[in-house]
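Using the UniProt record's numbering, you'd call the opening residue of the sequence shown number 1 and step up by one each time.
Don't be surprised by glycine CBs; every beta carbon is placed ideally from N, CA and C.
Owing to the predicted nature of the structure, the values given are computational and were not obtained by experimental measurement.
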Amino acid sequence: MSKPGAHIVILTGAGISAESGLGTFRDVGGLWSRYDWRDLATPEGFARDPGFVLDFYNWRRERVRAAKPNPAHLALARLQRDWEGEVTLVTQNVDDLHEQAGSAPVIHMHGSHLTARCAACGHRWPAPREMAPEDRCPACRAEAARPDVVWFGETPHHLEAIGAALAAADLFVAIGTSGTVYPAAGFAGAARAAGARTLMLNLEPAENADIFDEARHGPASRIVPDWVAALCPGEAP
Ligand code: APR
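Spelled out as structure tokens, the structure:
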């Protein structure tokens, strides 16, 4: 049990949004079992066929727009509201379900489906329903619009702030992530090295399970609210 005032750092992955209808990547039937990530989630794949990549993200964006937060997202928003200490919420997800649930701030280390970015000047703008290769950047007018997500081989965002949070964490919690993609997969080790306890809340044991002090397995929509209720007793407002 964490003492009131403790600093809790939370990392979420695709598994927290699975029960909101958004597919994960590496589960049976996951996105990377149906599509080749080299074609859809690398700068090289985008350069080879920008139309194919933009069509994929147009499809994913529509799914994200139709999705609603589930009890796991709502429980984390409650924790950020009610916990008598600092909560740093980091997500690998590019959906906005944490924000829709009321979480703030949310550190998106892999970017967002809901914004577009100019590959030429770096300008960001709200992603239109359908992005196409001939879309021009509203700022520099270059035909260089791309999804504002971090692809394999690119550097995730906010790593300095995340590193500072991990160094100050009393408890690190990984939720709905397979622990296979770095640097996120190394966060538990970094937090532990700085003296934090580590907890995994996941449907099944993850690849980096051995680095966690405790693991609870089950659907996030059940095990995350149970965990938060134990930390913040009393009726959820
Ligand atoms: N409740 C809890 N956990 C779940 C649920 C659920 N309902 N459904 C699936 N999971 C777990 C799976 O057991 C798995 O461990 O969520 C994890 C999902 O793992 P991945 O599909 O690998 O997703 P993630 O860890 O977020 O991937 C990391 O890889 O492709 C890149 O950039 C992409 O951010 C992504 C990164």
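- prompt: Since residue 118 contacts residue 139 with CB under 8 Å, what's their CB separation in whole angstroms?
  reply: Locating residue 118 in the sequence shown gives position 118, counting from the first residue. Locating residue 139 in the sequence shown gives position 139, counting from the first residue. Their Cβ separation, rounded to whole angstroms, is 7 Å, which keeps residue 118 and residue 139 in contact under 8 Å.
field: Candidates 63, 28 and 84: closest to residue 94 by CA position
entry: Taking the sequence shown and counting its residues from 1, the one referred to as residue 94 is at position 94. Residue 63 is the option with its Cα nearest to residue 94.
- prompt: How many angstroms separate the CA atom of residue 239 from the CA atom of residue 79?
  reply: In the structure as shown, the chain starts at 1 and stops at 237, and residue 239 therefore has no counterpart that could be examined.
Selected residue, minimal CA-CA separation from residue 24, among 171, 180, 199 and 225: Here the question's residue 24 lines up with position 24 in the sequence shown. The candidate whose alpha carbon is nearest that of residue 24 is 180.
task: Taking the CB atoms as reference points, tell me whether residue 15 and residue 220 lie closer together than 8 Å.
output: For the purposes of this step, residue 15 is taken as the residue at position 15 of the sequence shown. For the purposes of this step, residue 220 is taken as the residue at position 220 of the sequence shown. In this structure, residue 220 lies closer than 8 Å to residue 15 by Cβ.
- prompt: Helix, strand or coil for residue 173 per DSSP?
  reply: Within the sequence shown, residue 173 is the residue found at index 173, counting from 1. Strand.
- request: Take the Cβ of residue 33 as the centre, count every other Cβ of all protein chains shown within 10 Å, and call the residue buried at 16 or more, exposed below.
  value: Residue mapping note: residue 33 aligns to position 33 of the sequence shown, counting from 1. Classification of residue 33: exposed, given that the 10 Å Cβ count is below 16.
Spatial distance of residue 163 from residue 12 (CA atoms): Here residue 163 refers to the residue found at position 163 when the sequence shown is read from its first residue. Here residue 12 refers to the residue found at position 12 when the sequence shown is read from its first residue. About 16 Å.
Host alpha helix (DSSP H) of residue 64 (start-end): Position 64 of the sequence shown, counted from the first residue, corresponds to residue 64. Residue 64 -> alpha helix (DSSP H) spans 50 to 66.
task: In angstroms with no decimal places, state the Cα-to-Cα distance between residue 145 and residue 230.
output: Here residue 145 is taken as the residue at index 145 of the sequence shown, counted from 1. Here residue 230 is taken as the residue at index 230 of the sequence shown, counted from 1. Near 45 Å, if we compare the C-alpha coordinates of residue 230 and residue 145.
task: Along the beta strand (DSSP E) that carries residue 110, what are the first and last residues, could you check?
output: If you number the sequence shown from 1, residue 110 lands on position 110. Unbroken run through residue 110: none, as it is neither H nor E.
- request: From the DSSP output, in three-state form, read off residue 89 for me.
  value: Stepping through the sequence shown from its first residue, residue 89 is reached at position 89. It is a strand residue.
task: Give the range of the beta strand (DSSP E) segment to which residue 8 is assigned.
output: Position 8 of the sequence shown, counting from 1, holds the residue named residue 8. Here the beta strand (DSSP E) through residue 8 covers 8 to 12.
task: May I ask whether a heavy atom of ligand 1 can be found less than 7 Å away from the beta carbon of residue 42?
output: In the sequence shown, the residue the question calls residue 42 occupies position 42. No.
task: With DSSP as the reference, label residue 75 as helix, strand or coil.
output: Taking the first residue of the sequence shown as 1, we reach residue 75 at position 75. Helix.
Sub-8 Å separation of residue 206 and residue 178 beta-carbons: What you label residue 206 is simply residue 206 of the sequence shown in a count that begins at 1. What you label residue 178 is simply residue 178 of the sequence shown in a count that begins at 1. Yes, the pair counts as a contact, with Cβ atoms nearer than the cut-off.
message: Please classify residue 77 as buried or exposed, where buried requires at least 16 other C-beta atoms within 10 Å of its C-beta.
response: Looking up residue 77 in the sequence shown gives position 77. The residue in question, residue 77, is buried, as its Cβ has 16 or more Cβ neighbours within 10 Å.
task: For residue 27, verify whether its CB is less than 7 Å away from any heavy atom of ligand 1.
output: Against the sequence shown, residue 27 aligns to sequence position 27. Within the cutoff, so yes.
message: For a quick check, are the C-beta atoms of residue 5 and residue 122 less than 8 Å apart?
response: Your numbering for residue 5 matches position 5 in the sequence shown. Your numbering for residue 122 matches position 122 in the sequence shown. In this structure, residue 122 does not lie closer than 8 Å to residue 5 by Cβ.
task: Count the other C-beta atoms from every protein chain shown that fall within 10 angstroms of the C-beta of residue 182, then say buried if there are 16 or more, exposed otherwise.
output: For the purposes of this step, residue 182 is identified with residue 182 of the sequence shown, where counting begins at 1. So residue 182 ends up on the exposed side.
Nearest to residue 91 (by Cα), restricted to the options 176, 195, 223 and 38: Stepping through the sequence shown from its first residue, residue 91 is reached at position 91. Answer by Cα proximity: 176.
task: Can you check DSSP and say which residues form a bridge with residue 118?
output: Here the question's residue 118 lines up with position 118 in the sequence shown. Beta-bridge pairing links residue 118 to 145.
- prompt: Apart from the five residues just before and just after residue 18, which ones in its own chain have a Cβ nearer than 6 Å to its Cβ?
  reply: Against the sequence shown, residue 18 aligns to sequence position 18. 24, listed in sequence order.
query: Between which two residues does the beta strand (DSSP E) harbouring residue 214 extend?
result: By 1-based counting over the sequence shown, the position of residue 214 is 214. Residues 214 to 217.
Environment of residue 46 [buried if 16+ CB atoms lie within 10 Å]: Counting from one through the sequence shown, the residue named residue 46 turns up at place 46. Answer is buried; the Cβ neighbour count reaches 16.
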